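Student:
Chains as they are written, first to last, in the numbering used here: chain F, 69 to 437; chain E, 69 to 437.
#1: Beta-carbon within less than 8 Å of residue 86 of chain F's beta-carbon, same chain only, minus the 5 sequence neighbours each way: which residues are those?
#2: If you measure beta-carbon to beta-carbon, which residues of the segment 374-392 of chain E are closer than 7 Å to chain F?
#3: Does residue 109 of chain E have its Cβ less than 8 Å from a Cβ in chain F?
#4: Where does residue 345 of chain E fall in DSSP's three states?
#5: Is there a C-beta anywhere in chain E that falls below 8 Å from the one on residue 142 of chain F?
#6: Check whether the Cβ atoms of residue 393 of chain F and residue 110 of chain E sit closer than 8 Å, and answer yes or no.
#7: Relative to chain F, which residues along the segment 335-366 of chain E have a C-beta separation below 9 Å, given in chain order?
#8: Could I get the ranges of all uninterrupted beta strand (DSSP E) runs contained in the segment 104-142 of chain F, with 3 residues as the minimum, in chain order?
#9: Name the residue from E/276, E/255, E/350 whose alpha carbon lies nearest to the alpha carbon of residue 267 of chain E.
#10: Report yes or no: is there a C-beta of chain E within less than 8 Å of the C-beta of residue 91 of chain F?
#11: In three-state DSSP terms, what is residue 296 of chain E?
#12: How many whole angstroms separate the CB atoms of residue 311 of chain E and residue 283 of chain E, which I take to be in contact at a CB cut-off of 8 Å?
#13: Please tell me whether residue 156 of chain E and residue 207 of chain E are closer than 8 Å, where the distance is taken between their beta carbons.
#14: Skipping 5 residues on each side, what residues in its chain have a beta carbon closer than 6 Å to that of residue 242 of chain F?
#15: Please report the straight-line C-alpha distance between residue 398 of chain F and residue 150 of chain F, rounded to a whole angstrom.
#16: So, with DSSP's three-state summary, where would you put residue 259 of chain F?
#17: Put residue 92 of chain E into one of helix, strand or coil per three-state DSSP.
#18: Looking at the unbroken alpha helix (DSSP H) that takes in residue 237 of chain F, where does it start and where does it end?
#19: For residue 200 of chain F, which residues does DSSP report across the bridge?
#20: Looking at the unbroken alpha helix (DSSP H) that takes in residue 317 of chain E, where does it start and where does it end?
#21: Hey, residue 105 of chain E and residue 391 of chain F: beta-carbon distance below 8 Å or not?
#22: Can you name the residues that DSSP bridges to residue 271 of chain E?
#23: If you run the structure through DSSP and keep just helix, strand and coil, what is residue 193 of chain E?
#24: Beta-carbon within less than 8 Å of residue 285 of chain F's beta-carbon, same chain only, minus the 5 sequence neighbours each way: which residues are those?
#25: Flag this pair as touching only if the segment 320-327 of chain F and the segment 418-437 of chain F have three or more C-beta atom pairs under 8 Å; answer yes or no.
#26: Output, in chain order, the set of chain E residues within a Cβ distance shorter than 7 Å of residue 424 of chain F.
#27: If you draw a straight line from the alpha carbon of residue 326 of chain F to that of residue 83 of chain F, how long is it in whole angstroms?
#28: Which one of E/271, E/411, E/125, E/130 has the shortest CA to CA distance from residue 388 of chain F?
#29: For the segment 132-148 of chain F and the segment 289-308 of chain F, state whether three or more C-beta atom pairs, one from each stretch, are separated by less than 8 Å.
#30: What residue range does the alpha helix (DSSP H) around residue 307 of chain E cover?
#31: For the alpha helix (DSSP H) that residue 359 of chain E lies in, which residues bound it at each end?
#32: Where does the unbroken beta strand (DSSP E) through residue 399 of chain E begin, and where does it stop?
#33: Could you tell me the alpha carbon to alpha carbon distance between residue 315 of chain E and residue 401 of chain E, rounded to whole angstroms?
#34: For residue 372 of chain F, report the span of its alpha helix (DSSP H) as first-last.
#35: Pairs of beta-carbons, one from the segment 292-308 of chain F and one from the segment 227-237 of chain F, closer than 8 Å: are there three or more?
#36: Residues in the same chain with beta-carbon distance under 7 Å from residue 340 of chain F, minus the five sequence neighbours each way, listed in chain order, please.
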């Protein structure tokens, strides 16, 4: 088996595991930084390896439009193209088609849309998403799905039906998980019965992993956590469970507690480009005048290059002077912060102390909120 | 002596040397990348060390306005602030005051100007430039000078007179070269007699190094080379000679041939931000469609991280997708290209083969021009 999920230890609903892939092992729970256009913004891949990143996500929608998946395939696939040695996950393109592009037409067959780059007309179908993702060659690929507003029941019902039909077509187009593992995506908004129906149907298709889609897209945090309370356990426990698009430190903790294994989010790099950094006491904007003369590192006990090397005063200067280096240095720290958070949670699961870790972490992280 | 210039070998007018400084030795001829605002744009200092950079220039005008030299001094000086372990050179602020700011008044005492950032009113004098540069704490600091249009004789004459008077005031304000070496700046435009007068007067002040100012600011390349033919040899041969603001690969070769030891320029990083790279066959824009499927590195025999790791096709993609990583990766290569060029010229001087190297280099580099 090219792919297999090894459950190492449970602690309540939380799990420590290893997802074995052709490009190496992914210890779970894991956070994947996002490399939208075949690059994690402002971070060279060797620095990403140093940060301990074992999985990177890249976006099918973006790469399909530019430079095109055929080109990436000709250049040896995404690993070779972006020189990333570890596992890669690509999304299906669905989320960006629905959130970023201008939709021209959506029907049961697929979606016609206009590129956000140049307005050119394109059409995505489940089959095309599979073909594009096969060209890209990521280790984990995703079914083409429809992600609705999570609290509009009629919309969610329709999206669940359509996502299900599309999942079957993706499974047929990509029946062999030897080179690439195809994950199914559960939808259902905040509605437990719809999540259950979606999961049941997906399980019939026997995917090597399952994602939870349609969360962190407009509902409140309590609503997301409440939905996770039930919807994670609806998924098979011998397969990895992936919560798409979630990366806030408190959300990661809440979702790991509830049994999620894999996460991705643009948050650490996007915040960095706005001068914001994760700290144990919460998120802070380093451009604040409080840091003008602060000679301390961002975080005393962080082992990233930024914290090992630079003062807050210098980082503040870079942010205020709009220097490119700020993006790189703050991204390094934010990514490392999340990876260390995941590493600590994995250790706590192995030590049976996860609840204590999460409680201490959240008490401190949310104190200012 | 904290500073001393050791002449290792001459080859025609060209020289291989070592400039000893409190932050380490600078083998000459040397090219210094520019870190305008206490950062070489998009390049972390550890990467700059890896590229073999032995000297970095930073701009007094910019740092005076933001974050302020007092702050930098409080943070331990520029080396500590930007975490750059090797020697630093600061310019005097004069060039930016005259080129970037809005001049309100210029008189023999100094210059009143408005900040290009927020329009706030400031005044630079030779004494203030010295105080600011002492706060910054670079190893090599520069006299406050006036850089005129090089071909307006009346303007150049006035600028030479004023620069001379200001040099004497800088020398008086900074008499002790123990911690920081103050370099004088020769002016004179393209006029040999004015260059000679400027040099003679400067030599009376006995500086530990001398710069050639007022070139590469509008005159043609042949005019610059012709001026260098005479003006370099007007400077003492037992002190380092620094040609300010020059960094095009062909200009570096022509100036080293004529006996210049130190250079700085924003060119490698500025070009990188526009997608342009130095190649042995000349400067190329990597965004060109010719590179869409080019799996080769930028330069086969280059040892920089970019060339060791990425294909032209990937770099082109980053440029076209306007990704931040392009700035970093192309800057790494362009800086390394110039440093390797300087290293090769130094070896050629030691081997007595400089003329051959320069001829071969220029033949190839300028072939497309």
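A virtual CB, placed ideally from N, CA and C, is assigned to each residue, including glycine. Predicted model only: the values in this text are computed from it and were never measured.
Tutor: From the atom records:
#1: 73, 74, 76, 93, 94, 95, 96
#2: Hits within the stretch, in order: 377, 378, 379, 381, 382, 385, 386, 388, 389, 391, 392.
#3: yes
#4: strand
#5: yes
#6: yes
#7: 341, 360, 361, 363
#8: 124-126
#9: E/255
#10: no
#11: When DSSP states are grouped into helix, strand and coil, residue 296 of chain E belongs to the helix group.
#12: At roughly 7 Å, the Cβ-Cβ gap stays under 8 Å, so residue 311 of chain E and residue 283 of chain E are in contact.
#13: yes
#14: 198, 250
#15: 21 Å
#16: In this structure, residue 259 of chain F counts as coil in the three-state DSSP scheme.
#17: strand
#18: Unbroken alpha helix (DSSP H) run through residue 237 of chain F: 221-241.
#19: Answer is none; residue 200 of chain F lacks a bridge partner.
#20: 317-325
#21: yes
#22: Answer is none; residue 271 of chain E lacks a bridge partner.
#23: coil
#24: These residues qualify, in order along the chain: 215, 217, 218, 313.
#25: yes
#26: Going along chain E, no residue has its Cβ under 7 Å from residue 424 of chain F, so there is no contact; the nearest lies around 37 Å.
#27: 9 Å
#28: E/130
#29: no
#30: Run containing residue 307 of chain E: none; DSSP gives neither H nor E here.
#31: Here residue 359 of chain E belongs to no alpha helix (DSSP H), and DSSP marks it neither H nor E.
#32: From DSSP, residue 399 of chain E is part of no beta strand (DSSP E) but of the alpha helix (DSSP H) over 392-418.
#33: 14 Å
#34: Residue 372 of chain F: not part of any alpha helix (DSSP H); DSSP gives it neither H nor E.
#35: no
#36: 395, 398, 399, 402
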